[in-house]
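Read the structure below first, then the notes.
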Amino acid sequence: MSTPRLPPGQRWAAAGKWPLVGERAPAPGPEAWSVSITGLVGQPRWWSLDDLRRRPQTERAIDVHCVTRWSLADVRFTGVPLAELLDECDVRPEARFVSFVARSEREHSTSLLLDEARALGTMVALSAGGVALDIEHGGPVRTVVPGRYFYKSLKWLARIELLAADRLGYWEAEAGYHNEADPWREQRFMAPTLSRAEMAAVLTTRDFAGRDLRSLDAAGHDLSGLNAQQAWLRDANFRGAKLVGARFDGANLSNAHFGGADLRGASFVGADVEGADFCGADLRGCDLRGTSQLGSSFAPTDEERRWGVRDAIIDETTRFDRGWGGKSPEARATF
Ligand SMILES: Nc1nc2c(c(=O)[nH]1)N[C@H]1C(S)=C(S)[C@@H](COP(=O)(O)O)O[C@H]1N2
Ligand SMILES: [Mo]
5 MSTPRLPPGQ
15 RWAAAGKWPL
25 VGERAPAPGP
35 EAWSVSITGL
45 VGQPRWWSLD
55 DLRRRPQTER
65 AIDVHCVTRW
75 SLADVRFTGV
85 PLAELLDECD
95 VRPEARFVSF
105 VARSEREHST
115 SLLLDEARAL
125 GTMVALSAGG
135 VALDIEHGGP
145 VRTVVPGRYF
155 YKSLKWLARI
165 ELLAADRLGY
175 WEAEAGYHNE
185 ADPWREQRFM
195 APTLSRAEMA
205 AVLTTRDFAG
215 RDLRSLDAAG
225 HDLSGLNAQQ
235 AWLRDANFRG
245 AKLVGARFDG
255 ANLSNAHFGG
265 ADLRGASFVG
275 ADVEGADFCG
285 ADLRGCDLRG
295 TSQLGSSFAP
305 TDEERRWGVR
315 DAIIDETTRF
325 DRGWGGKSPE
335 ARATF
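For what it's worth, my numbering labels the leading residue of the sequence shown as 5, then goes sequentially.
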């Protein structure tokens, strides 16, 4: 048997496809690209792209795991180990975190514990698969963090800041992505925001509109006619629930679980269902137009099929765009 390399809840992306995820690539600016290290260092420094390219290059094959459940095996990244650059900056002992900041419209960022960033072998990468990184995939220079969900790997790296206290990154702060992000421990999202008692109370109301109910457990409940428009339901569990005529329009349902749910006549217009599981769900009369479906599943893998997981029930009354609806802040392409 081969070594199991797929973390729980992940699937391999289609052969030869590297999905594009996240914000738009930055427009080319007038200033030449550079990467700086600042903050709690004795010696702030910066490197031009040529400086980085002229340094000895390390190559490392890395399995990529996106939190929206697609994975890529053995992507060969080449670049400079972060640790080598840090060693040239005289990092101060008070520095405990490292924040990576992008040259992008929203100055996207993500952070790591400094010790972890070193221990994981974080790379400042210039190429993938033997060719210079495309701008879409974070070129000319991005970070690559082995062993963490790919949202910890920053595209369009401009600044590396050493900090005493953590500064949450964009997805971590805005989307509730887990700050540790270990795919083997399925650290996809922060803990739920409500206590168990509060969750039980909200279930009886059948009104979730606009509320933050991430990681809600509603498995097996009768929630027919539910109003969950614009609700935050990342990672929510609706397995086997009765959701006839439920309204999820504009809701965030990334990685939600609908396995075996009765969703007849339910509406998901404009919802984010990235990484959501609909296997075995009844989707007759269901409206899924304008949803972003990167990494969502409607059919089981061969393995899951052997365990009795079934296809979603879809017929001519199920309304669908083919592929990706283009509404999500995270995804810009499908695979
Ligand atoms: N600057 C920047 N870096 C980013 C993101 C982003 O939106 N902006 N998205 C992250 C996410 S969620 C993922 S999965 C990967 C996607 O990289 P790819 O588009 O090369 O697959 O980039 C990460 N780094
Ligand atoms: Mo991601």
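Quick reminder that beta carbons are idealized off the backbone N, C-alpha and C, glycines included.
Since the model is a prediction, treat every value here as computed from it, not as a measurement.
- Of all C-beta pairs linking the stretch 223-238 to the stretch 202-215, three or more are shorter than 8 Å, placing the two stretches in contact.
- For residue 53, the enclosing alpha helix (DSSP H) has its first and last residue at 53-58.
- For residue 149, the secondary structure class from DSSP, reduced to helix, strand or coil, is coil.
- If you ignore the 5 residues before and after residue 30, its C-beta comes within less than 7 Å of the C-beta of 107, 108, 109 and 160, all in its own chain and listed in chain order.
- Boundaries cannot be given for residue 197, as no alpha helix (DSSP H) includes it and DSSP labels it neither H nor E.
- Under the three-pair Cβ rule at 8 Å, the stretch 69-77 counts as touching the stretch 245-260.
- For residue 51, the CB stays at least 7 Å from every heavy atom of ligand 1.
- Cβ contact annotation for residue 168 (same chain, cutoff 8 Å, sequence separation greater than five): 44, 98, 99, 100 and 101, in chain order.
- Rounded to whole angstroms, the separation of the alpha carbons of residue 245 and residue 264 is 8 Å.
- Residue 247 is positioned such that its CB atom lies no closer than 8 Å to that of residue 217.
- At least 8 Å separates the beta-carbon of residue 241 from that of residue 226.
- Assignment of residue 226 by DSSP, reduced to helix, strand and coil, places it in the strand class.
- The DSSP-derived three-state label of residue 99 is coil.
- Check the Cα spacing between residue 54 and each of 146, 47 and 130: the tightest is with 130.
- Rounded to whole angstroms, residue 67 and residue 208 show a C-alpha spacing of 43 Å.
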